[in-house]
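Residue numbers (the working numbering): 25 to 125.
Heads up, the beta-carbon is just placed ideally off N, CA and C, and yes, glycines get one too.
Note that the structure is predicted; figures quoted are calculated from it, not measured.
Please read the structure below before turning to the comments.
Following this line, the structure appears as structure tokens:
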């Protein structure tokens, strides 16, 4: 069973979390707070990735970011391939403070 949680934080709400949930309900036939043999669907609190809103958590392991209603189900089905949150190794921070003195 695929556990799907749509972030209901303020930023995700403003970027269309309800539209995302509507598409999930339409595609799965499962309403928020309910489940069937394939899907467990609900909203959740802020996932902490507001800069990548709207977000969907899949199986408590994967975050699908910057969701759009027309592609959300495909992205949920392939959530293990998603890598929208950069890892610490991928983020390069250059310290240029006082570098020209």
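Cut-off 6 Å between Cβ atoms - residues of its own chain near residue 43, not counting five sequence neighbours on either side: Taking the first residue of the chain shown as 1, we reach residue 43 at position 19. Same-chain partners within the cutoff: 93.
Residues bridged to residue 59 by DSSP? Residue 59 sits at position 35 when you count from the first residue of the chain shown. Answer is 64, bridged to residue 59.
Is it buried or exposed, residue 85, if we count other Cβ atoms within 10 angstroms and call 16 or more buried? Position 61 of the chain shown holds residue 85. Burial call: exposed.
Rounded C-alpha distance that separates residue 30 from residue 39: Position 6 of the chain shown, counting from 1, holds the residue named residue 30. Position 15 of the chain shown, counting from 1, holds the residue named residue 39. Whole-angstrom Cα-Cα distance: 12 Å.
Can you grab the Cα-Cα spacing for the pair residue 34 / residue 81, in whole Å? Position 10 of the chain shown holds residue 34. Position 57 of the chain shown holds residue 81. Rounded to the nearest angstrom, the two C-alpha atoms are 16 Å apart.
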